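Position one of the sequence shown corresponds to residue 7 (this note's numbering), numbered consecutively onward. Glycine included, each C-beta is placed from N, C-alpha and C at the ideal position. These numbers come from a predicted model, not from an experiment. Accompanying notes for the structure given below.
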Amino acid sequence: MSGLDLELPSGDSEITAQPLPDAGTDSIAAESSERAELTPAQMEMETKLDLAIAYQEIGDKEGARELLDEVIKGGNVEQSSRASAMRAQLA
7 MSGLDLELPS GDSEITAQPL PDAGTDSIAA ESSERAELTP AQMEMETKLD
57 LAIAYQEIGD KEGARELLDE VIKGGNVEQS SRASAMRAQL A
């Protein structure tokens, strides 16, 4: 195997740790905290809102409408309001 150098560099070179950039974990923690305060039924409605957004992004407007209608009927006031606004944008 000529031409292959299997020797590792000597330990003379210094390696310094660089701080990682802020990944916005504060907003993720705040959102997780808000969701932790929701009842299981409210969490289900939040999931349906998230799914409706995903359905809309892939072009399944009918699927998004069905989910939003469920949230309008079964969500709390804030969820129902968000679902109504999202449904109006689909029309």
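Point to revise | Ala58 burial status per 10 Å Cβ neighbour count (16 or more: buried) | key: buried
Practice item. Please look up how many angstroms separate the CB atoms of Ala89 and Leu74, rounded, as I've assumed it's under 8 Å. Key: Contact flag correct, Cβ pair sits at about 4 Å.
Exercise for review: Report the three-state DSSP secondary structure of Thr53 (helix, strand or coil).
Suggested key: helix
Check your understanding: Exposed or buried, what is Val83 when buried is set at 16 or more other beta-carbons lying within 10 Å of its beta-carbon?
Key -> Under this definition Val83 is an exposed residue.
Check your understanding: When DSSP labels each residue in this structure, what does Leu74 get in the three-state scheme?
Key -> helix
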